[in-house]
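**Q**
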Amino acid sequence: MLKGKNIVVGVTGCSSAYQAADIVKKLVSLRANVDVIMTSSATKFIAPLTFRNISGHPVIQDQFADPVSWDEGHKKLADKADLLLIAPATANIIGKAASGIADDILSTTIMSTEAFTIFAPHMNPKMYRKPVVQRNIQTLQKDGCLIIQQEKLMPSGKKLYSMLADTEFIIKEVTRLLLAEE
Ligand SMILES: Cc1cc2nc3c(=O)[nH]c(=O)nc-3n(C[C@H](O)[C@H](O)[C@H](O)COP(=O)(O)O)c2cc1C
Numbered sequence: 088m089l090k091g092k093n094i095v096v097g098v099t100g101c102s103s104a105y106q107a108a109d110i111v112k113k114l115v116s117l118r119a120n121v122d123v124i125m126t127s128s129a130t131k132f133i134a135p136l137t138f139r140n141i142s143g144h145p146v147i148q149d150q151f152a153d154p155v156s157w158d159e160g161h162k163k164l165a166d167k168a169d170l171l172l173i174a175p176a177t178a179n180i181i182g183k184a185a186s187g188i189a190d191d192i193l194s195t196t197i198m199s200t201e202a203f204t205i206f207a208p209h210m211n212p213k214m215y216r217k218p219v220v221q222r223n224i225q226t227l228q229k230d231g232c233l234i235i236q237q238e239k240l241m242p243s244g245k246k247l248y249s250m251l252a253d254t255e256f257i258i259k260e261v262t263r264l265l266l267a268e269e
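Using this note's numbering, the first residue of the sequence shown is number 88, and each one after it goes up by one.
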């Protein structure tokens, strides 16, 4: 049970973005309070309305928009979060976070929060193997972030780590970290 825990889920522009709805649904069913931030690319893959419906909160997409209520905006969300989970995480957001770039609401929240931050990457294996992507992942790990990389066995027998981990695998990690803090 995650009652009373504030989790901010960042959704980025991956082909697996639809799985974030499943992740948010599961966190809500564990009684967590979940706020969702979407990048502009993420909204091309899945509608913000899906997350508003599941989380019960307005979805944050634009850092310059008028706040919908007094406690919104990146600063409040960054302060409120017990944990920030970026799932799925693009190579782009991983690169921005590793380089200290804050040019949209999600990257600004990552930069502003003191909450434990988890990235669950999803990208094609060629992108994932790029030295710059591997360097960025290592930088985030050195900075204290958790990168969730689940081994997946392909029908060819090849093992991949570049795909978004299963929902249950991600929830287990989130729960472990939040309950370890108590
Ligand atoms: C159909 C399609 C699927 C994509 N899937 C991924 C993906 O799985 N992982 C990734 O890193 N980028 C993927 N991209 C590229 C990102 O959407 C692109 O880099 C975008 O600028 C990321 O923006 P964001 O990080 O702000 O969400 C995909 C692009 C398209 C058009």
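All residues carry an ideal CB built from backbone N, CA and C; glycine is no exception.
Measure the C-alpha to C-alpha separation of Gln106 and Leu266 and round it to an integer number of angstroms.
**A** Each residue's alpha carbon lies about 24 Å from the other.
**Q** Where Ile133 and Ile258 are concerned, what is the direct C-alpha to C-alpha distance, given to the nearest angstrom?
**A** One C-alpha to the other measures close to 21 Å.
**Q** Could you say which of Lys213, Ala176, Leu240 lies nearest to Leu233 if we only look at CA atoms?
**A** Closest option to Leu233, Cα to Cα, is Ala176.
**Q** When a residue counts only if its C-beta is closer than 5 Å to some heavy atom of ligand 1, which residues count, in chain order?
**A** Per the Cβ criterion, the list is Thr99, Gly100, Cys101, Ser102, Thr126, Ser128, Thr177, Ala178, Asn179, Ile180, His209, Met210.
**Q** Rounded to whole angstroms, what is the Cα-Cα separation between Phe203 and Val98?
**A** Approximately 17 Å, taken between the alpha carbons.
**Q** Can you give, in chain order, each stretch of the alpha helix (DSSP H) that sits fully within the segment 108-193 and has at least 4 residues?
**A** DSSP runs (the alpha helix (DSSP H)) wholly in the segment 108-193: 129-132, 135-142, 161-167, 178-186.
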